[in-house]
Amino acid sequence: MGRLLWGDQFWDGKRKEYATSVVGAGTMLIILFLANMCYIYGSHFDIGHRVNNLNVLAVDFDGGVIGRSLSAAYANLEGRTFPLLDFADEVEYPTVQDVRNAVCRGSYWAGIFVHQGASSRLSKALNGGPEAQTYESNSTITYIFNTARYAPIAWGNIGGSLETLIGASNTAYHVLNGSYAITNINVDDPAAMLAFTSAITSSSIDIMPTSQGTKVLYNTVTMFLPVLQQFFLLMTVNDIDSSYGLYGRLHLTRIGFM
Numbered sequence: 009m010g011r012l013l014w015g016d017q018f019w020d021g022k023r024k025e026y027a028t029s030v031v032g033a034g035t036m037l038i039i040l041f042l043a044n045m046c047y048i049y050g051s052h053f054d055i056g057h058r059v060n061n062l063n064v065l066a067v068d069f070d071g072g073v074i075g076r077s078l079s080a081a082y083a084n085l086e087g088r089t090f091p092l093l094d095f096a097d098e099v100e101y102p103t104v105q106d107v108r109n110a111v112c113r114g115s116y117w118a119g120i121f122v123h124q125g126a127s128s129r130l131s132k133a134l135n136g137g138p139e140a141q142t143y144e145s146n147s148t149i150t151y152i153f154n155t156a157r158y159a160p161i162a163w164g165n166i167g168g169s170l171e172t173l174i175g176a177s178n179t180a181y182h183v184l185n186g187s188y189a190i191t192n193i194n195v196d197d198p199a200a201m202l203a204f205t206s207a208i209t210s211s212s213i214d215i216m217p218t219s220q221g222t223k224v225l226y227n228t229v230t231m232f233l234p235v236l237q238q239f240f241l242l243m244t245v246n247d248i249d250s251s252y253g254l255y256g257r258l259h260l261t262r263i264g265f266m
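Numbering (this note's numbering), first residue to last: 9 to 266.
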C-alpha cells in the first residue's frame with residue numbers, strides 16, 4: 009500500500025484515540041519547553057538588582073592605606089546592585105595563586121587583592137626621585153576573574169563593577185590620606201605629582217579568556233531548545249505511528265521521506 013488516507017477503513021475506531029495521543033503528546037512538549045524557557049529568561053529579569061548574589065573574594069596583602077581605601081570604597085558601593093565582597097584573612101589565602109585557585113574552582117566569581125608593599129611604594133613615590141619614576145599605579149589592586157565560567161556575567165557584572173570599585177578606591181585614598189600626602193609630596197617632581205593624582209589604577213587577570221563576548225543566551229539554549237523540542241516531537245509521533253502499525257502499511261519511499 010503506497011499511502012494511508014485519514015478516511016480509509018483502517019482508521020475506523022482509531023481516529024479519536026490516535027488524534028488524542030498525538031495532540032496530547034505535542035501539547036505536553038510545548039508546555040514543558042515553554043516552562044523551561046520561562047524559567048531561563050525569567051532568571052534574567054531585573055538581574056541588575058540581584059548582583060549582590062555574586063560573591064567576590066577580597067584579600068589585602070598590603071595591610072596599609074591602599075587596603076583601607078579598598079574597604080572604604082566598597083562600603084560606599086555596597087548594595088543590591090554591586091557584587092558581595094568577602095574579605096578573607098591573608099592566613100587563609102597566603103598567596104595570589106591561592107586567590108586564583110579559589111576563583112578557578114568556582115568558589116568565587118572573582119577575586120580582588122591588594123599587592124604586598126603597595127602602600128609603601130606609593131609613599132616613597134610621593135617623595136620623588138627614582139621611586140616616582142618607576143611607580144606603577146596598576147600594581148596596587150588587581151582583580152582575577154574567569155570569562156569561561158559565564159562571559160556575560162564576567163564582563164558585565166563582575167569586570168565592570170570591580171573597575172568601578174578600584175576607581176572609587178583611588179578617590180577614597182585621597183580622602184583618607186590626602187592631607188598627609190599633600191604635606192609630604194615633592195611638588196617639584198612631576199612623576200611624584202602623577203603618582204599622587206593616579207595613586208591607584210586597575211589591573212586584571214582573566215583565567216580563561218573566551219571570544220563569546222557578552223551575548224546573553226544568544227548562542228546557547230536559545231538556538232538549541234527549538235531543535236531539541238522538534239526532535240522529541242518527531243520521536244513521540246514516530247513511536248505512536250509504530251504502535252498503530254502505520255509503517256507496515258506504507259511504501260519504503262514514503263517512509264524514507266517521513
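Where is the CB? At the ideal position from N, CA and C, for every residue including glycine.
DSSP three-state assignment for residue i, whether helix, strand or coil
i    : result
F240 : helix
A118 : strand
L254 : coil
D68  : strand
D214 : strand
T191 : helix
T155 : coil
N135 : coil
F53  : coil
A96  : strand
I149 : strand
M9   : Reliability fails at M9, whose pLDDT of 49 lies under 50, so the model's placement of it is uncertain and the value that follows must be treated cautiously. Residue state, collapsed to three classes: coil.
G87  : coil
Rounded separation between residue i and residue j - CA only
i    : j    : result
V111 : F53  : 26 Å
W117 : N165 : 10 Å
G71  : V64  : 19 Å
G119 : N194 : 35 Å
M9   : Y252 : Its pLDDT being 49, under 50, M9 is placed unreliably in this model, and the value from its coordinates should be taken loosely. The straight-line gap from Cα to Cα measures roughly 15 Å.
I149 : F239 : 51 Å
T172 : L93  : 13 Å
V104 : I39  : 49 Å
N146 : V122 : 10 Å
Y255 : T230 : 34 Å
R108 : S169 : 18 Å
R113 : E25  : 53 Å
D196 : I213 : 35 Å
E144 : C46  : 48 Å
T228 : Q124 : 41 Å
S29  : N44  : 23 Å
T191 : G50  : 55 Å
V183 : L225 : 42 Å
L85  : R157 : 25 Å
D16  : R23  : 10 Å
A96  : A83  : 16 Å
S115 : D106 : 12 Å
G167 : A189 : 30 Å
Selection from the options that minimises the alpha carbon distance to residue i
i    : options               : result
I55  : P91, L184, T191, A156 : P91
I152 : D16, A203, L202, W163 : W163
N61  : G87, A81, Y49, F41    : G87
S187 : S131, F41, L85, C46   : S131
F41  : Q105, L236, A189      : L236
I48  : A203, L241, L233      : L233
A200 : A133, M216, R113      : A133
I74  : Y26, D106, S128, S29  : S128
G175 : I38, S211, N185       : S211
N154 : N84, A43, M216, A27   : M216
N135 : L202, N84, G50        : L202
G137 : D20, G167, G21, P198  : P198
Same chain, Cβ closer than 6 Å to residue i, neighbours up to 5 away in sequence not counted
i    : result
A80  : A180
N185 : V73
A126 : D70, I74, T148
Residues near residue i in its chain [Cβ-Cβ closer than 8 Å; skip 5 each side]
i    : result
T89  : G56, H57, V59, N60
L37  : Q237, F240, L241, T244
E139 : R129, K132, A133
Close beta carbons around residue i, own chain, < 7 Å, minus the five adjacent residues each side
i    : result
S177 : S77, L78, A81, I149, I208
T205 : none
T142 : none
A27  : none
- Can at least three beta-carbon pairs, one atom from the stretch 238 to 250 and one from the stretch 22 to 33, be found at a separation below 8 Å? Look at the beta carbons and you see the stretch 238 to 250 touching the stretch 22 to 33: at least three pairs across the two are nearer than 8 Å.
- Query: For the 8 Å Cβ check, are there 3 or more pairs between the stretch 66 to 82 and the stretch 96 to 108?
  - Reply: Taking 8 Å as the limit for Cβ pairs, the verdict is that the stretch 96 to 108 does touch the stretch 66 to 82.
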